[in-house]
Structure formats: structure tokens, C-alpha cells
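Trainee: Following my numbering, the numbering of the sequence shown begins with 45 at its first residue and continues without gaps. Glycine included, every Cβ here is placed at the ideal spot set by N, Cα and C. Predicted, not measured: the structure shown is a model, and the values here were computed from it.
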Amino acid sequence: MMELGIIVIKLKEIGMSWCSPSTPKQTATTVLLFSVGVAFFTIGAHLSYVNIGPQRERTLARDNFVREYLRKKYGYGR
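#1: Once DSSP output is grouped into helix, strand and coil, what is the label at residue 108?
#2: Determine the direct distance from the alpha carbon of residue 91 to that of residue 107, and round the result to whole angstroms.
#3: Enumerate, from N- to C-terminal direction, the unbroken alpha helix (DSSP H) stretches of 4 or more residues contained entirely within the stretch 64-112.
#4: Could you tell me if the beta carbon of residue 98 falls within a distance shorter than 7 Å of some heavy atom in the ligand PLP?
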């Protein structure tokens with residue numbers, strides 16, 4: 045923990061410190077952009093959940109096709 049304090053002191057010595065407090069406009073913009081990001085994430089999660097069934101059906105159909113092809117070609121399952 046002491047090392048962190050030393051790093052902060054050294055940063056202040058060379059002129060680096062936290063930015064000035066945000067203006068109300070900057071705060072509103074930050075909240076708006078964060079909300080838009082959460083909305084995009086939520087919409088993406090919903091669409092992914094909705095499409096699970098069709099994706100599973102396509103995967104199973106492709107699996108059955110490959111199994112049938114191999115059975116016919118190599119005589120498996122006779």
C-alpha cells in the first residue's frame with residue numbers, strides 16, 4: 045500500500061493528477077452513453093437467447109446429414 049502512495053506522490057510531482065471535476069454536461073453525457081451501452085448489451089443478449097432454438101435445430105439437422113452421409117458412404121450401421 046505504501047508503494048501506491050509513493051507512485052501518487054511522484055505523479056503529482058511531475059504534474060499528473062486527476063482531472064478537474066466533471067461538468068453537469070459531461071456527467072449527463074457519461075450517463076447517456078453508459079445507458080446506451082447497457083441497452084445494446086441487453087438487446088444483444090435477448091436476440092441471442094431468442095435465436096438459440098433455430099440455431100440448435102440447424103446444428104442437429106447438419107449433424108444428422110453428416111451421420112447419414114457417412115453411413116451411406118462407409119456402410120456404418122448396417
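Mentor: According to the structure data:
#1: Helix at residue 108.
#2: Answer to the nearest angstrom: the Cα atoms are 24 Å apart.
#3: The alpha helix (DSSP H) runs lying completely inside the stretch 64-112 and spanning 4 residues or more are 68-94, given in chain order.
#4: In the structure shown, the ligand PLP is absent, as is every other ligand, since no ligand is present at all.
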